[in-house]
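Peer 1:
Protein chains: 2
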Amino acid sequence: MSDLRTTLRGQGRRMTAQRAAVYAALCAASGHPTAEELFFAVRGHLPGISLATVYNTLDTLVDGGLAVKIPGDGAARYDPLCFPHGHTRCAVCGTLGNLPERDITAVLSEIPLPTGFQARAVTMEVEGVCADCAGRGH
Amino acid sequence: MSDLRTTLRGQGRRMTAQRAAVYAALCAASGHPTAEELFFAVRGHLPGISLATVYNTLDTLVDGGLAVKIPGDGAARYDPLCFPHGHTRCAVCGTLGNLPERDITAVLSEIPLPTGFQARAVTMEVEGVCADCAGRGH
DNA sequence: CTCCGTGCAAATCGTTTGCACACAG
DNA sequence: CTGTGTGCAAACGATTTGCACGGAG
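What follows is the structure in structure tokens.
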């Protein structure tokens, strides 16, 4: 969890209680929460916060490189960015998980890109069946 | 472009002019069209088709493994499935491109998965700046 | 003949926006 | 002080749904 205040400064932005709370909730979350899930989590601590502010804050965090937005079928999910990593998505229960800590940008060196394309980042998602769902017979 | 009728049969579904037209338009599209783009493309041939039908058909194609849905920031984009491949997304103009033809499922063998996770498919997206946008100085 | 698929319009869902006030710097 | 961030409610865009009719099998 990097220094939020410093990052915001670098963007010419201000530190607020709402931003601190959303960032803390995102870092504390076990999985990959949606904006709405974060909204409810933060509400316990800051009862007056609005969903719009959560969305604004998440955009700010993504801009500042502190989080990643993962669009999916319904609501987008967010991931606090610590290192570049891929995700697993269970086709049965929909749960997102992290791929083990290994820099996935390494695969870039193994993959030929279109001529002239300047790569900046890689996202990877492995779809399958998670251990829990496989255990229940799928 | 596989046999649509056969695939639909396998799903216990019926062949219709609308499904044929949407599938043809998807295969003919140069890039990765949205549902709405396909709607307008198909309208030239089937003036009465509705957007809802395009969405229904795309779901059917995805179910049958003939297409892939690529959710993004605005509308989702669709890709006719010929072989497993990754995508490039230009951060400037937003264009989606295909990674050169190479089976990306190969990377699965190089990446440790969470214990018990049974992988079925991999999606990969490389974000960066495409040749066109880089040429204009970005 | 039987249903599945269609077209239409309205409903829904996630997200964004406009505005007036609050507070960080 | 000065403007950026906030909360609220309304607006918005993408997708889904309910319903009655039409056509595939």
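Residue numbers (the working numbering), protein chains in the order written: chain A, 1439 to 1576; chain B, 1439 to 1576. Yeah, the Cβ is synthetic: ideal placement off N, Cα and C, and Gly gets one too. Quick caveat, the model's predicted, so the values are computed rather than measured.
#1: Leaving out five residues before and five after Leu-1484 of chain A in sequence, what residues of the same chain have Cβ atoms less than 6 Å from its Cβ?
#2: Which residues of the segment 1553 to 1573 of chain A have a Cβ closer than 7 Å to any Cβ of chain B? Give them in chain order.
#3: Please report the distance separating the alpha-carbon of Phe-1478 of chain B from that of Thr-1454 of chain B.
#4: Quick one: grab the DSSP three-state call for Ile-1508 of chain B.
#5: Mind listing the chain A neighbours of Asp-1511 of chain B? Cutoff is C-beta to C-beta under 9 Å, in chain order.
#6: Mind pulling the chain A residues with CB within less than 7 Å of Leu-1534 of chain B?
#7: Beta-carbon within less than 6 Å of Thr-1543 of chain A's beta-carbon, same chain only, minus the 5 sequence neighbours each way: which residues are those?
#8: Tell me, which residues are paired with Gly-1566 of chain B by DSSP?
#9: 8 Å is my cut-off, CB to CB: does Thr-1526 of chain A come that close to chain B?
#10: Ala-1529 of chain A versus chain B: which residues are under 8 Å apart at the beta carbon?
#11: Nearest by alpha-carbon distance to Asp-1441 of chain A: which of A:Glu-1548, A:Tyr-1461 and A:Gly-1450 is it?
#12: Tell me, which residues are paired with Asp-1517 of chain B by DSSP?
#13: Any beta carbon from chain B within less than 8 Å of Val-1460 of chain A's own beta carbon?
#14: Using a C-beta to C-beta distance shorter than 8 Å, which residues of chain A count as neighbours of Leu-1546 of chain B?
#15: Taking 8 Å as the cut-off, decide whether the C-beta atoms of Gly-1524 of chain A and Glu-1563 of chain A are in contact.
#16: Out of A:Cys-1568, A:Lys-1507, A:Gly-1512 and A:Leu-1546, state which residue places its alpha-carbon closest to the alpha-carbon of Ala-1529 of chain A.
#17: Tell whether a beta-carbon distance below 8 Å holds between Ala-1557 of chain A and Gly-1566 of chain B.
#18: Among residues of its own chain, excluding the 5 on either side of Gln-1449 of chain A, which ones have a beta-carbon nearer than 8 Å to its beta-carbon?
#19: Within its chain, find whatever has a CB closer than 8 Å to the CB of Pro-1471 of chain B; leave out the 5 residues flanking it on each side and keep chain order.
#20: Got a sec? Which residues, its chain only, sit under 6 Å from Leu-1446 of chain B by beta carbon, not counting five neighbours each side?
#21: Counting only runs of 4+ residues fully inside the segment 1462 to 1507 of chain B, write out the alpha helix (DSSP H) ranges in chain order.
#22: Assuming Gly-1469 of chain B contacts Leu-1534 of chain B (C-beta within less than 8 Å), just tell me the rounded distance between them.
#23: Out of curiosity, what's the CA-to-CA distance linking Leu-1537 of chain A and Phe-1555 of chain B?
#24: If distances are taken between C-alpha atoms only, which option among A:Val-1492, A:Asp-1541 and A:Arg-1574 comes closest to Ile-1549 of chain B?
#25: Provide the residue span of the beta strand (DSSP E) that contains Gly-1535 of chain A, from first to last.
Peer 2: Taking the definition as stated:
#1: Residue 1484 of chain A sits at position 46 when you count from the first residue of the first sequence. Ala-1459.
#2: Thr-1553, Gly-1554, Phe-1555, Gln-1556, Ala-1557, Arg-1558, Ala-1559, Val-1560, Thr-1561, Met-1562, Glu-1563, Val-1564, Glu-1565, Gly-1566, Val-1567, Cys-1568, Ala-1569 and Ala-1572
#3: To locate residue 1478 of chain B, count along the second sequence from 1; it is residue 40. To locate residue 1454 of chain B, count along the second sequence from 1; it is residue 16. Their backbone Cα atoms lie some 18 Å apart in a straight line.
#4: One-based indexing of the second sequence puts residue 1508 of chain B at position 70. DSSP places Ile-1508 of chain B in strand when its eight states are reduced to three.
#5: Here residue 1511 of chain B corresponds to residue number 73 of the second sequence, with the count starting at 1. Those are Lys-1507, Pro-1509 and Ala-1514, listed as they occur along chain A.
#6: Taking the second sequence and counting its residues from 1, one reaches residue 1534 of chain B at position 96. Correct list: empty, because the minimum Cβ distance to chain A is about 12 Å.
#7: The residue labelled residue 1543 of chain A in the question sits at position 105 within the first sequence. Closer than 6 Å at Cβ, skipping near neighbours: Pro-1522 and Val-1560.
#8: Along the second sequence, read from residue 1 onward, the residue named residue 1566 of chain B stands at position 128. According to DSSP, which records beta bridges pairwise, Gly-1566 of chain B is partnered with A:Ala-1557 and B:Cys-1528.
#9: Translated into the one-based positions of the first sequence, residue 1526 of chain A becomes position 88. Yes, Thr-1526 of chain A counts as interfacial toward chain B.
#10: As a first step, residue 1529 of chain A must be located in the first sequence, where it is residue number 91. The contacting residues are Arg-1558.
#11: Reading the first sequence from its first residue, position 3 is the one you call residue 1441 of chain A. Nearest of A:Glu-1548, A:Tyr-1461 and A:Gly-1450 to Asp-1441 of chain A, Cα basis: A:Tyr-1461.
#12: Reading the second sequence from its first residue, position 79 is the one you call residue 1517 of chain B. The partner list for Asp-1517 of chain B (beta bridge, DSSP) reads B:Val-1506.
#13: The sequence position of residue 1460 of chain A within the first sequence is 22, counting from 1. No, its Cβ sits nowhere closer than 8 Å to a Cβ of chain B.
#14: Here the question's residue 1546 of chain B lines up with position 108 in the second sequence. What Leu-1546 of chain B touches in chain A: Val-1564.
#15: Within the first sequence, numbered from 1, the residue matching residue 1524 of chain A stands at position 86. Within the first sequence, numbered from 1, the residue matching residue 1563 of chain A stands at position 125. Yes, Cβ-Cβ distance for Gly-1524 of chain A and Glu-1563 of chain A is below 8 Å.
#16: The residue you call residue 1529 of chain A lines up with position 91 of the first sequence. Ranking the options by Cα distance to Ala-1529 of chain A, first place goes to A:Cys-1568.
#17: Against the first sequence, residue 1557 of chain A aligns to sequence position 119. Against the second sequence, residue 1566 of chain B aligns to sequence position 128. Yes, they are a contact pair.
#18: For this step, residue 1449 of chain A is matched to residue 11 along the first sequence. Once the five neighbours on either side are set aside, the close Cβ partners of Gln-1449 of chain A are Thr-1498, Asp-1501 and Gly-1502.
#19: Translated into positions along the second sequence, residue 1471 of chain B becomes position 33. Answer for Pro-1471 of chain B: Ala-1463, Leu-1464, Ala-1479, Arg-1515 and Tyr-1516, listed in chain order.
#20: Within the second sequence, numbered from 1, the residue matching residue 1446 of chain B stands at position 8. Contacts found: Met-1453.
#21: 1473 to 1481 and 1489 to 1501
#22: Position 31 of the second sequence holds residue 1469 of chain B. Position 96 of the second sequence holds residue 1534 of chain B. So it is a contact: roughly 6 Å between Cβ atoms.
#23: Counted from its first residue, the first sequence places residue 1537 of chain A at position 99. Counted from its first residue, the second sequence places residue 1555 of chain B at position 117. If I take the Cα positions, the gap works out to 11 Å.
#24: Along the second sequence, read from residue 1 onward, the residue named residue 1549 of chain B stands at position 111. Comparing Cα positions, the closest option is A:Asp-1541.
#25: Within the first sequence, residue 1535 of chain A is the residue found at index 97, counting from 1. It spans 1534 to 1536 - the beta strand (DSSP E) in which Gly-1535 of chain A sits, taken as one unbroken run.
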